[in-house]
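Heads up: the structure comes next, in structure tokens.
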Amino acid sequence: MDSDFSARVEALKASTEALQHTLSNLTDEQARGQSLLPGWTRGHVITHVARNADALLNLVTWARTGEETPMYASREQRDADIEDGAGRPAAALVADVDETHQQLMAALRELPESAHTAPIRYGGADATGDGAVIPMLRRSEVEIHHVDLDLEYTLAHLPEDFVERLLDQVSAEFSSRDDAPALVLVRTDDEHRWTVGSGGQEVSGSAPSLLGYLLGRTDGVGLHTDGTLPTMGVWR
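Numbering (numbering that gives the first Met the number 0), first residue to last: 0 to 235.
Structure below.
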């Protein structure tokens, strides 16, 4: 395993351990409670996190074998699996996350270096990448949905390296869309900038606040700009 890939896998391990710590005392009542995602209980979010690990195992297989193995059979099946699992007791939800995490980590650690550059497709928009992106894909799901659980883990708790990497990624993703807002995101502590779309309206704030806004998790609380902030849809 090359050193960069190994570092991404270890970062994923740390992010998942933080989630597991939060879930270690989850009650059935909390599991049935509303998450920060409209229409989803915490049980929905936790089930999605577990099924996403299964989906990324498919991408590991694709990268290792070259045989096309999509994340999900269909969007409808993905949604049905989440709905079916959302109402389980807290202990079953937590065990599901733990077991699928261990399976994915084992597969990532066994992935040969030749698979790190193997082409794959992922996500609803069929984004293209290679096997090396899988740990960050998973870390994004773990960290952002950890926040979505609304169990004291907030945007401010996100690891600094993760926030910067995801700002790079999401601003680039938005810029590839025809409907991208024209923004320049400015981190206040060092004036680092991320251009979204064609650039234009400057929005300044802390990196976690900028990320939360870009992901559609906040309405721009803690940010400063001249004029009205565009409304951002929920990212993933």
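Built from N, CA and C at the ideal position, the CB exists for glycine as well.
Every unbroken stretch of the alpha helix (DSSP H) spanning 4 or more residues and falling wholly within the segment 56-138 is given here in chain order: 74-84, 89-109. Thr64 and Leu107 have their C-alpha atoms spaced approximately 14 Å apart. For Leu165, there is no enclosing beta strand (DSSP E); the enclosing alpha helix (DSSP H) has its first and last residue at 159-174. Annotation for Gln19: the continuous alpha helix (DSSP H) segment containing it runs 2-22. Of all C-beta pairs linking the segment 104-118 to the segment 82-93, fewer than three are shorter than 8 Å, placing the two stretches out of contact. A straight-line Cα-Cα distance of about 25 Å links Glu151 and Pro134. Between the alpha carbons of Ala10 and Gly198 lies a gap of roughly 31 Å. Judged by DSSP in its simplified three-state form, His145 adopts helix.
When secondary structure is reduced to three states using DSSP, Gly221 falls in the coil class, being assigned neither helix nor strand.
Here Arg186 carries a strand assignment [DSSP, helix/strand/coil].
Per the coordinates, the alpha-carbon of Asp83 lies some 16 Å from the alpha-carbon of Gly32. Apart from the 5 residues on each side of it in sequence, Leu184 sits with its Cβ closer than 6 Å to the Cβ of Trp193, Val202, Leu209 in its chain, given in chain order. Residue pairing for Arg192: DSSP places it in a beta bridge opposite Val185. Here the alpha carbons of Ala181 and Glu16 stand approximately 37 Å from one another. Across the structure, Leu55 and Thr187 are spaced so that their CA atoms are roughly 35 Å apart.
Less than 8 Å separates the beta-carbon of Val44 from that of Asp147. Annotated three-state conformation of Thr46 is helix, per DSSP.
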